[in-house]
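Undergrad: Okay, handing you the structure first.
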Amino acid sequence: MALDLPHGADIVGRLRPAVPGTARGRREVAGLDALETTAVPGPSIARRAWAAMWPKALAIAIVLAAWEAVVWSGWRPQYVLPPPSAVLERLRAELGTPELWGAVLTTLRRAVWAFGLAMAIGITVGMLVSRFRVLRTAIGSLIMGLQTMPSIAWFPLAILLFRLSEEAITFVVVLGAAPSVANGLIHGVDHIPPVLTRVGRVLGARGLAAYRYVILPAALPSFMGGLKQGWAFAWRSLMAGELIVVIANRTSLGQLLQVNRELADSQGMLAIMLVILMIGVVLDSLVFGTIERGIRRRRGLLAT
Amino acid sequence: MSGALALSAPEQAPVLRPAVRVTSLTKVFGSGRTAVTALDDISLTVGQGELVCILGASGCGKSTLLNLVAGLERPTRGSVECAGQPSFMFQEAALFPWLSVERNVELPLRLRHVPGAARRARVAELLDLVQLGSFARRQPHELSGGMRQRVALARALAHEAEVLLMDEPFGALDAMTRDILHDELERIWLATGRTILFVTHNVREAARLGDRIVLLTSRPGRVAETFPVDITRPRRIEDADVAALARRVTASLREEVARHGA
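Read top to bottom, the protein sequences are chains X and S. Per my numbering, the very first residue in the first sequence carries number 139; after that it's consecutive. Per my numbering, the very first residue in the second sequence carries number 19; after that it's consecutive.
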């Protein structure tokens, strides 16, 4: 096969007589193409970090100031609503105790395990429903309905089924998160541009190969949305569960919260709430945010 | 380059082994009173290595014809024979946005379980063929429209199909980029010897590229006329011969349009 045929004079060739050994790049980006591909250098890391940090820092400062103002107004006595300074001081002290870290570990372990299970179930159900029309008709709207069901409503049943146990918590967290995961996947598959599935078919992607190489990757951005929402529901359900299902000798964040409330220790309570909030924020921005940004950058969906 | 001249006069040349044979093909969409006949009794033979342009006004069933040849739709009557599963290129490049340029080109090879080393070699070869070797690791969104179509062409070629179906592949590009891609397509076609069925509504484009132009009527789509194109390659869109042929075809097309009141 003669792959090195001279390809005639292209636009560039006509403007500038062909010189043997002309830069290959110049020949490859011919005509208007050259105008359309411009590389814009990104800003430096320090500048980017600053751009990402200052709005967050400002928002936190405003919230703390508002909180402080409410405390100063004397709306509630300080032993009920302590000022942020006292809570932060308490938080610093709590962070030095092994009890808190043990609780964080217990809670995170439960979260990861239950969310993993919810993902496995959600992905399986989502794939089946997006593949078989009959299944979609049968349980499509049910999945939607499950997603709107407050997970705390499952606890009475969970406690009857599993008593006050780890299983009861897992049961509720999975029920809270799996519908979102499944829905994210179904939604993602529904919104694949038809031309991509068509190209996949023409190129010979059928059956499982079509899923692996075309459908699942094409559905990934929506699916990430479902995962994020699923995680949020899982984390909420877990906190509800830990407030209700207290297991002896296994301190968790929810349990610490409940104990502090019973002891009327509002400083400790608020400190634990901050820990719960921070874990949520960190996981959302570090884990899901990073993955999502990577996906969007790769596909050119990131506004610069 | 010497091989190019031998291919330029397919009508006079002994009929090559047909790569696509469409016999009395009819396609009706819907049924009863809402039925629309898209194609009516079309017969067409495309020889191996031939580049045939299907020309017609919008909505004349050109794309339906390609879909039928590709097996994406079933004929109502008549038959379609094609040498193997054809490859397909659309007006949109439809590159997979999550894959880099080289991975896009590699996918058809992967789907046919070509081993890794052979895959990489073939991808490099194809990207050189469409002159995008140094863009292998880019993502599709980083490329211009013309470059994306070139990647789509490389991906279609990676399919190793004997027949390549092209559905207005350059329709969405600016005139200058289209001009360049015509040169590229002609060069690649001469180099690879594929059979190409090229659908367009652009008369000049058909005269620039085709060995033969098949003019379709609208509603229902029928073969109105066939023009052999006896112009030596490589051609240019501004060649006098191309312009003269385009004028003849346009006159014919106008007559068709007038007759059907479209």
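Cβ atoms here follow ideal geometry from the backbone N, Cα and C, with glycine treated the same way.
Note down the Cα distance separating Ala343(X) from Leu313(X), rounded to an integer number of angstroms.
TA: Cα to Cα, the separation comes out at about 34 Å.
Undergrad: Can you have a look at Lys194(X) and say buried or exposed, based on whether 16 or more other CB atoms are within 10 angstroms of its CB?
TA: Classification of Lys194(X): exposed, given that the 10 Å Cβ count is below 16.
Undergrad: Checking contacts by CB at 8 Å: is Arg162(X) closer than that to chain S?
TA: Bear in mind that a pLDDT of 48 at Arg162(X), under 50, signals an unreliable position, so the number given afterwards is only what the model happens to contain. Yes - at least one Cβ of chain S is within 8 Å of the one on Arg162(X).
Undergrad: Just verifying my parser: in three-state terms, what is the DSSP assignment at Phe371(X)?
TA: Helix at Phe371(X).
Undergrad: I'd like the ranges of any beta strand (DSSP E) spanning at least 3 consecutive residues and lying wholly in the segment 72-110 of chain S.
TA: Complete beta strand (DSSP E) runs here, min 3: 95-100, 105-107.
Undergrad: Please decide whether Val337(X) counts as near chain S, where near means a Cβ-Cβ distance under 8 Å.
TA: For Val337(X), the answer is yes, since a Cβ of chain S falls inside 8 Å of its Cβ.
Undergrad: To the nearest angstrom, report how far apart Gly338(X) and Ser76(S) are at their CA atoms.
TA: Rounded to whole angstroms, Gly338(X) to Ser76(S) spans 26 Å at the Cα level.
Undergrad: For the segment 403-437 of chain X, enumerate the residues whose C-beta is nearer than 8 Å to any C-beta of chain S, in chain order.
TA: So the close ones are Ile433, Arg436, Arg437.
Undergrad: Scan the segment 386-438 of chain X and note each continuous beta strand (DSSP E) run of 3 residues or more that stays entirely inside, going in chain order.
TA: Runs found: none.
Undergrad: So Tyr349(X) contacts chain S; which residues on that side make the cut at Cβ distance below 7 Å?
TA: Simply none; closest approach about 12 Å.
Undergrad: Is the Cβ of Trp207(S) closer than 8 Å to any Cβ of chain X?
TA: False, the Cβ-Cβ gap to chain X never drops below 8 Å.
Undergrad: Distance cutoff 8 Å, beta carbons only. Does Arg130(S) sit that close to anything in chain X?
TA: It does: the Cβ of Arg130(S) has a partner Cβ on chain X nearer than 8 Å.
Undergrad: Can you check whether the CB of Thr94(S) is closer than 8 Å to the CB of Val46(S)?
TA: Cβ distance < 8 Å, so Val46(S) and Thr94(S) count as in contact.
Undergrad: Just checking: is the beta-carbon of Gly364(X) within a distance shorter than 8 Å of some beta-carbon in chain S?
TA: Not an interface residue.
Undergrad: Cβ of Val333(X) less than 8 Å from any chain S Cβ?
TA: Taking Cβ atoms only, chain S reaches closer than 8 Å to Val333(X), which makes this a yes.
Undergrad: In terms of DSSP beta bridges, what is Glu243(S) paired with?
TA: Leu233(S), per the DSSP bridge assignment.
Undergrad: Tell me whether the segment 310-326 of chain X and the segment 247-258 of chain X touch, counting them as touching only if at least three CB pairs, one residue from each stretch, are closer than 8 Å.
TA: Judged by Cβ distances under 8 Å, the segment 310-326 of chain X makes contact with the segment 247-258 of chain X, as three or more pairs qualify.
Undergrad: Within the continuous beta strand (DSSP E) that includes Met184(S), where are the two ends?
TA: Run containing Met184(S): 181-185, per the beta strand (DSSP E) assignment.
Undergrad: Determine, for Ala357(X), whether the minimum Cβ-Cβ distance to residues of chain S falls below 8 Å.
TA: With 8 Å as the cut-off, Ala357(X) does not count as an interface residue toward chain S.
Undergrad: Taking the straight line between their C-alpha atoms, what separation do you get for Glu206(X) and Leu196(X)?
TA: Those two C-alpha atoms are separated by around 15 Å.
Undergrad: On a Cα-Cα basis, can you pick out the residue from Glu68(S), Ala190(S), Ala225(S), Arg137(S) that is closest to Ile249(S)?
TA: Per the Cα distances, Ala225(S).
Undergrad: When you compare the CB positions of Ala356(X) and Ile330(X), do they come within less than 8 Å of one another, or not?
TA: Closer than 8 Å, so yes.
Undergrad: Is it true that the CB of Arg434(X) sits closer than 8 Å to the CB of His159(S)?
TA: In this structure, Arg434(X) does not lie closer than 8 Å to His159(S) by Cβ.
Undergrad: Pick from Leu161(S), Leu69(S), Val119(S), Ser61(S): whose alpha carbon is nearest that of Val98(S)?
TA: Closest option to Val98(S), Cα to Cα, is Ser61(S).
Undergrad: Using beta carbons (cut-off 8 Å, strictly below), is Leu203(S) in contact with chain X?
TA: No, its Cβ sits nowhere closer than 8 Å to a Cβ of chain X.
Undergrad: Exposed or buried, which one is Thr235(X) when buried takes at least 16 other CB atoms within 10 Å?
TA: Exposed: under 16 other Cβ atoms inside 10 Å.
Undergrad: Using a Cβ-Cβ distance under 8 Å, would Glu110(S) count as near chain X?
TA: True, the Cβ-Cβ gap to chain X drops below 8 Å.
Undergrad: Which of the residues in the segment 129-158 of chain S, read from start to end, lie with their CB under 8 Å from any CB of chain X?
TA: Hits within the stretch, in order: Leu129, Arg130, Glu143, Asp146, Leu147, Gln149, Leu150, Gly151, Ser152, Phe153, Gln157, Pro158.
Undergrad: Leaving out five residues before and five after Ala111(S) in sequence, what residues of the same chain have Cβ atoms less than 6 Å from its Cβ?
TA: The answer, listed in chain order, is Arg166, Gln167, Ala170.
Undergrad: Out of Asp192(S), Leu203(S), Ala193(S), which one is the CA nearest neighbour of Ala174(S)?
TA: Closest option to Ala174(S), Cα to Cα, is Leu203(S).
Undergrad: For Gln157(S), which of Asn122(S), Leu191(S), Ala176(S), Ala172(S) has the nearest alpha-carbon?
TA: The shortest C-alpha separation from Gln157(S) is found at Asn122(S).
Undergrad: Kindly list the residues whose CB is nearer than 7 Å to the CB of Ala262(S), restricted to its own chain and excluding five residues on each side of it in sequence; keep chain order.
TA: Once the five neighbours on either side are set aside, Ala262(S) has no close Cβ partner at all.
Undergrad: To the nearest angstrom, how far is it from the Cα of Leu145(S) to the Cα of Ser49(S)?
TA: Using only the alpha carbons, I get a separation of about 46 Å.
Undergrad: Please tell me whether Val340(X) has its Cβ less than 8 Å away from any Cβ of chain S.
TA: Answer yes: the Cβ-Cβ gap between Val340(X) and chain S drops below 8 Å somewhere.
Undergrad: Indicate whether Glu380(X) and Thr245(X) have their beta-carbon atoms separated by less than 8 Å.
TA: For Glu380(X) and Thr245(X), yes; Cβs fall inside 8 Å.
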